[in-house]
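Residue numbers (the UniProt record's numbering): 1 to 325.
Note that CB positions come from ideal geometry on N, CA and C, so glycine has one too.
To start, the structure itself, in structure tokens.
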């Protein structure tokens, strides 16, 4: 693979004009994890005619999803919005999602692998290309992965200018999973499956590896915790000093606001903001899990707040939707 980087092999596999945007697609082969077959697709968006790239921001999709969550074929989404505002936008696709091929041990992929190996590699490459630290934005599982990387010490102030978590939580209790027979049965059944089908479950266009489900069973089981056996991510979050924004939505029944707030409160960051998208806070609707970022309402009301956060590391002072921390 002819490399576009001095860090590890990187190939520019596509360079296209998409309306008013320039779309470059890279494929990274970091060779930093036990599975040497891992390759990661990274889409870079910029504005045609822009003399210099702006501040870099990396977007991480959630489960059963891919880059199209941020960037539709018609050039609509938070990714194009930020690119048109002058940011250097990078959209990552996790192992086996979208343009990222399935690695050899795909079924065993876990958040721990994304946080320990993939995010640091993506961050290093973007910083190399942009010449400065990137901002990070994650939705759902993407936000959980960001929290894991921060709490685990894999992303710090040298690798992240800020992090923003949308609809992300790790504390929801599933009491049956704390019963050993239920947990054992769950692991036994999951290990007989190759993948969890997003289309079959009507959750999204992508599949997810069984490794993620087994990892979640351990987190939510008896004496479980958010972390690895040798690294307590939850405890590590209290030491994080990267500026953090957490956004929840009142209509999100998958990751409800009080649980998103609990994850946010665990961060030790001095610069931090929490936002709940609900009518009581002045929004036009109680946004849902996906609608908080992908909807006409989000385009009008949420995207400008994201832009303000990236530019100022704060929400607008006049915004009544900001909840005091």
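Please return the same chain residues whose Cβ sits closer than 6 angstroms to the Cβ of residue i, not counting the five positions on each side in sequence.
i: residue 10; result: 3, 4, 26, 28
i: residue 252; result: 167, 288, 289
i: residue 264; result: 246, 274
i: residue 204; result: 64, 65, 198
i: residue 231; result: 152
Are the Cβ atoms of residue i and residue j separated by less than 7 angstroms?
i: residue 206; j: residue 289; result: no
i: residue 95; j: residue 109; result: yes
i: residue 293; j: residue 78; result: yes
i: residue 59; j: residue 137; result: yes
i: residue 107; j: residue 209; result: yes
i: residue 112; j: residue 135; result: no
i: residue 260; j: residue 169; result: yes
i: residue 158; j: residue 130; result: no
i: residue 92; j: residue 165; result: no
For residue i, which of helix, strand or coil comes out of DSSP?
i: residue 90; result: strand
i: residue 275; result: strand
i: residue 21; result: strand
i: residue 4; result: coil
i: residue 199; result: helix
i: residue 26; result: strand
i: residue 166; result: strand
i: residue 245; result: strand
i: residue 290; result: coil
i: residue 16; result: strand
Where do the N-terminal and C-terminal ends of the beta strand (DSSP E) with residue i fall, by residue?
i: residue 137; result: 135–139
i: residue 44; result: 40–47
i: residue 283; result: Residue 283 -> no beta strand (DSSP E), and no H or E assigned at all.
Mind checking which residues open and close the alpha helix (DSSP H) that includes residue i?
i: residue 215; result: 210–220
i: residue 326; result: The question about residue 326 has no answer here: the residues shown for the chain are numbered 1 through 325.
i: residue 56; result: It is not in any alpha helix (DSSP H) - residue 56 instead sits in the beta strand (DSSP E) that spans 56–60.
i: residue 76; result: Segment: none, residue 76 is in no alpha helix (DSSP H) and carries neither H nor E.
Evaluate residue i with the Cβ neighbour count: other Cβ atoms within 10 Å of its Cβ, from every protein chain shown; 16 or more gives buried, anything less gives exposed.
i: residue 44; result: buried
i: residue 48; result: exposed
i: residue 248; result: buried
i: residue 312; result: exposed
i: residue 269; result: buried
i: residue 200; result: exposed
For the ligand FAD, is there any heavy atom lying closer than 6 angstroms to the beta carbon of residue i?
i: residue 215; result: Inclusion of the ligand FAD in the displayed structure is not the case, the ligand content being empty and no account of it being possible.
In chain order, what residues of the same chain lie with their CB nearer than 7 angstroms to the CB of residue i, ignoring the 5 residues before and after it?
i: residue 150; result: 163, 237, 240, 242
i: residue 301; result: 283, 284
i: residue 142; result: 60, 61, 62
i: residue 80; result: 21, 45, 71
Between which residues of its own chain and residue i is the CB-CB distance below 8 angstroms, once the five residues before and five after are set aside?
i: residue 330; result: Outside the shown range of the chain, which is 1 to 325, sits residue 330, and nothing can be said about it.
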